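Novice:
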Amino acid sequence: MRKSLVVLLAIALLLGLTAWGVWVLPDLVLARYFPEHTSPIQVAEGFGILRHLWPVLAVGSLGGFLGFGLVFAWAYEEADNADVQAERQRLNEHIEHLKQERDSAQEQAEQHYRQRLQETEQTRLLALRQMDEAKTLKQQAEAERRDSMVQIEQFKLRARNAICAAERIKNRAQQSQKSQSVP
Numbered sequence: 001m002r003k004s005l006v007v008l009l010a011i012a013l014l015l016g017l018t019a020w021g022v023w024v025l026p027d028l029v030l031a032r033y034f035p036e037h038t039s040p041i042q043v044a045e046g047f048g049i050l051r052h053l054w055p056v057l058a059v060g061s062l063g064g065f066l067g068f069g070l071v072f073a074w075a076y077e078e079a080d081n082a083d084v085q086a087e088r089q090r091l092n093e094h095i096e097h098l099k100q101e102r103d104s105a106q107e108q109a110e111q112h113y114r115q116r117l118q119e120t121e122q123t124r125l126l127a128l129r130q131m132d133e134a135k136t137l138k139q140q141a142e143a144e145r146r147d148s149m150v151q152i153e154q155f156k157l158r159a160r161n162a163i164c165a166a167e168r169i170k171n172r173a174q175q176s177q178k179s180q181s182v183p
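Start counting the sequence shown at 1; every next residue gets the next number (full-length UniProt numbering).
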């Protein structure tokens, strides 16, 4: 940005000097003083002066362009350094911003990971608790089934005993009827 400003200023300065020369040169007069004459004699006027003063103009132009070139190169280098420094500062700020975004994203990811880990642990504990409850219920059901089987066997035994007792009673009753009927 500053480099382009330096170039524009240099172009404006050269155009200004050229315009000044074109504006002032027509009014200039070159005169020479000869000792035999009491007054100076006009040698050239306006742009015709350039033909007589070209060595002075050449040396002056070379010196001016050299000086201008050195100043321009120095200003251009300073502007370039300033642009590089500004770009470096902007990039450093951008890097810091990206680091902050990275740290924030990493913190969010870690928080999300911890939350998921906690949810997983809770789910695992719930599953273990439910498995323990299911195991307990299964053991209770098995115990109740065994108790029921024992009770069924006891009831079958009682029923057999009752049937046997009823048959004995019936047999006794029949024997007692037979013995009472035989006289």
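We treat Cβ as the ideally placed atom computed from N, Cα and C, and that holds for glycine. Model, not experiment: these values are computed from the prediction.
Terminal residues of the continuous beta strand (DSSP E) containing E107?
Specialist: The residue given as residue 107 occupies position 107 in the sequence shown. Unbroken run through E107 is the alpha helix (DSSP H), W54 to S181; no beta strand (DSSP E).
Novice: Assign V150 to buried or exposed, taking buried as 16 or more other Cβ atoms, counted over all protein chains shown, within 10 Å of its Cβ.
Specialist: The residue given as residue 150 occupies position 150 in the sequence shown. When all chains shown are included, V150 counts as exposed.
Novice: Within 10 angstroms of the Cβ of V71, are there 16 or more other Cβ atoms? Answer buried if so, exposed if not.
Specialist: Counted from its first residue, the sequence shown places residue 71 at position 71. By the 10 Å Cβ count, V71 comes out exposed.
Novice: Between which two residues does the alpha helix (DSSP H) harbouring G46 extend?
Specialist: Here residue 46 refers to the residue found at position 46 of the sequence shown. Per DSSP, G46 belongs to no alpha helix (DSSP H) and is neither H nor E.
Novice: For Q115 and S104, what's the separation of their Cα atoms in angstroms?
Specialist: Walking along the sequence shown from the start, residue 115 turns up at place 115. Walking along the sequence shown from the start, residue 104 turns up at place 104. Spanning the two alpha carbons is a distance of roughly 16 Å.
Novice: With a cut-off of 8 Å on the beta carbons, I'd call A75 and V6 a contact; round off their distance for me.
Specialist: For the purposes of this step, residue 75 is taken as the residue at position 75 of the sequence shown. For the purposes of this step, residue 6 is taken as the residue at position 6 of the sequence shown. The Cβ separation is near 5 Å, so the contact holds.
Novice: If distances are taken between C-alpha atoms only, which option among L98, F47, V56 and F34 comes closest to G21?
Specialist: For the purposes of this step, residue 21 is identified with residue 21 of the sequence shown, where counting begins at 1. Selected option, being the one with the closest Cα: F47.
Novice: Starting from L28 and walking both ways along the alpha helix (DSSP H), at which residues does that stretch end?
Specialist: Your numbering for residue 28 matches position 28 in the sequence shown. It is not in any alpha helix (DSSP H) - L28 carries neither H nor E in the DSSP assignment.
Novice: When DSSP builds the beta bridges, which residues end up paired with I41?
Specialist: As a first step, residue 41 is located in the sequence shown; it is residue number 41 there, counting from the start. According to DSSP, which records beta bridges pairwise, I41 is partnered with R32.
Novice: Quick one: measure Cβ to Cβ for A44 and H37, integer angstroms, because I've assumed they're closer than 8 Å.
Specialist: For the purposes of this step, residue 44 is taken as the residue at position 44 of the sequence shown. For the purposes of this step, residue 37 is taken as the residue at position 37 of the sequence shown. Not quite, the Cβ-Cβ distance comes to about 17 Å (not below 8 Å), so this is no contact.
Novice: Express the C-alpha separation of Q130 and L117 in angstroms, rounding to a whole number.
Specialist: For the purposes of this step, residue 117 is taken as residue 117 along the sequence shown, with counting starting at 1. For the purposes of this step, residue 130 is taken as residue 130 along the sequence shown, with counting starting at 1. When rounded, the distance between both Cα atoms is 20 Å.
Novice: What separation, rounded to the nearest whole angstrom, lies between the Cα atoms of P35 and T18?
Specialist: Residue numbering aside, residue 35 sits at position 35 when the sequence shown is read from its first letter. Residue numbering aside, residue 18 sits at position 18 when the sequence shown is read from its first letter. Whole-angstrom Cα-Cα distance: 36 Å.
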